[in-house]
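Numbering (our numbering), first residue to last: 45 to 404.
Only one structure is covered here, and it is reproduced in the block below.
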């Protein structure tokens, strides 16, 4: 009896120590991880997707051009369908693929995917660890996350550091702020279904028309094998899952594009019956003025431009795709009226702050 009791005590002691160690590791992980509240707010977009009460009808996937151009609240108000921006800064095609795969396996499975292809021009070796972190640290633990990390990480990165971010961020204790402690276990909402409000206006605008590109040759604009591979994987995935897909290039004044990219994308999409639109050349039709509607010389849209584009996009998707309106469904109306109210309140607050910064 004594031997059995002693053994039980040892087992209980080991279990308690393991639980204490797990609790300590969890607390440490929460404190040391960046909170993405005051800055780099796109780092919150991936994790916030899982908190949605109602599954979005549409997800928008791509790089920073997505969360700076597509306003889900405007799409709701204009067309009555729900959406979420699953975009992050410098998000390559392979990460976008796994963002889509993850969404289709989640309880928030969408009926349609809209993919921004603007980042497809970069080569196979593109790696940006801070952007990987913002996109993937918030992804739920799954086989999709493992594959996403393995596809995106640099040669010096380790998967275990994405599984336990504390191993990557352990040196942050030297730079911890009040924000790290305040939001260790409860973060405020900083995005609006993935959209991030921004009223900054550019100081200069390039002297060119939307759709006027740098004149790269066909040989300089051949899509890399990896980018083509992952675009085809996205086409195949959506076909297999019976999910509608639309490809687009978001409006920009940047000349870092080519009609040769457009040709290659259309050629890859055509066998699947998938449409592609380069919205650069439609900027004037949308009423976009890059001198007031962009924060960075036309590379991205600010909130002024994003609202104009989102109105146009809502009308385009409604006219060309069978997306149901939920305006007569009380559940959706309740949730999205709250979202609209919060968006307008924060927009007014951000705009007031921007006005103060620019006042003489």
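Backbone N, C-alpha and C define an ideal beta-carbon position, used for all residues, glycine too.
Output the distance between the C-alpha atoms of residue 157 and residue 173, rounded to the nearest integer angstrom.
26 Å
Given 8 Å, three or more beta-carbon pairs between the segment 358-373 and the segment 269-276
no
Let's see if you can read the secondary structure: which residues bound the beta strand (DSSP E) around residue 160?
Residue 160 -> beta strand (DSSP E) spans 156-160.
Own chain, CB closer than 8 Å to residue 248, minus 5 neighbours either side, in chain order:
Contacts found: 341.
Leaving aside the five residues before and after residue 63 along the sequence, list all residues of the same chain whose C-beta is less than 7 Å from its C-beta, in chain order.
Nothing meets the Cβ criterion.
Runs of 3 residues minimum, wholly inside the segment 320-379: which ones carry the beta strand (DSSP E) assignment?
Every beta strand (DSSP E) stretch that sits fully inside the segment 320-379 and reaches 3 residues is listed by chain position as 320-322.
Take the Cβ of residue 402 as the centre, count every other Cβ of all protein chains shown within 10 Å, and call the residue buried at 16 or more, exposed below.
In this predicted model, residue 402 has a pLDDT of only 46, less than 50, meaning its place in the structure is not dependable; the value taken from the coordinates is given anyway. Residue 402 comes out exposed.
Identify every residue that forms a DSSP beta bridge with residue 128.
103
Measuring alpha carbon to alpha carbon, tell me which of 155, 100 and 354 ends up nearest residue 283.
155
Please report how far the alpha carbon of residue 129 lies from the alpha carbon of residue 175, in whole angstroms.
16 Å
Can you tell me whether residue 170 is helix, strand or coil according to DSSP?
coil
Using the three-state DSSP reduction, which class does residue 257 fall into: helix, strand or coil?
coil
Residue 194: first and last residue of the uninterrupted alpha helix (DSSP H) it sits in
187-196
Would you say residue 293 and residue 160 are within 9 Å of each other, going by their C-beta atoms?
yes
Rounded C-beta distance between residue 111 and residue 136? I'm assuming under 8 Å.
15 Å between Cβ atoms; not a contact.
Status (buried if at least 16 other CB within 10 Å, exposed otherwise) for residue 347:
buried
Ignore the nearest five residues each way along the sequence and tell me which others in residue 106's own chain have a CB closer than 8 Å to its CB.
131, 135, 140, 159, 160, 161, 162, 163 and 294
Measuring alpha carbon to alpha carbon, tell me which of 300, 329, 290 and 331 ends up nearest residue 320.
290
Could you check how far apart the C-beta atoms of residue 358 and residue 122 are, in whole angstroms? I think they sit under 8 Å.
With 8 Å as the limit, residue 358 and residue 122 qualify as a contact, their Cβ atoms being about 4 Å apart.
Proximal residues to residue 190 (C-beta, below 6 Å), its chain only, five neighbours per side dropped
Closer than 6 Å at the Cβ level, and outside the excluded window around residue 190, lies no residue.
Endpoints, alpha helix (DSSP H) assigned at residue 119:
116-123
Tell me whether residue 57 sits in a helix, a strand or coil according to DSSP, three-state version.
helix
Mind reading off the beta-carbon distance from residue 245 to residue 336? Whole number of angstroms is fine, and I expect it under 8 Å.
6 Å
Leaving out the 5 sequence neighbours to the left and right, which residues in its chain are closer than 6 Å to residue 312 when beta-carbon positions are compared?
275
So what's residue 94 in DSSP terms, helix, strand or just coil?
Secondary structure of residue 94 (DSSP, three-state): coil.
Of the choices 166, 199, 200 and 206, whose alpha-carbon is the least far from that of residue 177?
206
Strictly by DSSP, which residues pair up with residue 291?
159 and 320
Excluding the 5 residues preceding and the 5 following residue 366 in the sequence, name in chain order all residues of the same chain whose CB lies nearer than 7 Å to its CB.
Excluding residues within five positions, none has a Cβ falling inside 7 Å.
Identity of the residue in 109, 338, 302 and 243 nearest residue 392 by Cα
243
Could you name the residues that DSSP lists as bridge partners for residue 239?
236
Going by DSSP, what residue range makes up the alpha helix (DSSP H) through residue 271?
269-284
Buried versus exposed call for residue 387 [16 or more other C-beta atoms within 10 Å across all chains shown]:
buried
Compare the beta carbon distance of residue 356 and residue 302 with 9 Å and say whether it is the shorter of the two.
Going by C-beta atoms, residue 356 is not nearer than 9 Å to residue 302.
Let's see if you can read the secondary structure: which residues bound the alpha helix (DSSP H) around residue 86?
No alpha helix (DSSP H) contains residue 86, which DSSP labels as neither H nor E.
Assuming contact is defined by CB atoms lying nearer than 9 Å, are residue 326 and residue 109 in contact in what I supplied?
no
For residue 138, does the three-state DSSP call read helix, strand or coil?
helix
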